[in-house]
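Data block below; observations after.
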Amino acid sequence: MANNTDNKTAKAIHINELRRALDISRIDRTPVDLDCWKAGDGSIIHYRGWLVKSSSWQQGTHNLYNPVNHQIRKVRDIFIFRYNDHPIYL
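At position 74 of the sequence shown (counting the first as 1) the number is 73 in numbering that gives the first Met the number 0, and the numbers step up by one without a gap.
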């Protein structure tokens with residue numbers, strides 16, 4: 000008998016749950032995988048294995064840190080559409 004769990008899609012999570020998960024990842028220093036839209040042209044940016052360095056609730060942003068090349072990127076929460084293979088909804 001075939002295992003049907005292989006075909007399941009990841010559960011969608013709300014943006015507030017995303018913010019909590021990113022804050023937990025920041026505290027635990029666990030890497031995250033994010034897919035985001037770029038504000039200027041709408042292209043997709045993939046962040047794989049990045050660490051969450053800080054967040055700003057007022058601005059709605061998170062700062063990501065690449066442990067390989069030490070780059071830092073600021074990402075607006077509203078532009079994140081996938082977190083660790085979970086789609087995000089508003």
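Glycine is no exception: its CB is placed at the ideal position from the N, C-alpha and C atoms. Please read these numbers as outputs of a predicted model, since none were measured by experiment.
Boundaries of the beta strand (DSSP E) around S54: I43 to S55.
Around the CB of H13, fewer than 16 other CB atoms lie within 10 Å, so the residue is classed as exposed.
In this model, I77 and S54 are separated by some 13 Å (Cα to Cα). Under the DSSP assignment, R28 falls outside any beta strand (DSSP E); it carries neither an H nor an E label. Look at L63 here: in three-state DSSP terms it is strand.
The beta carbons of G48 and D27 sit no closer together than 8 Å.
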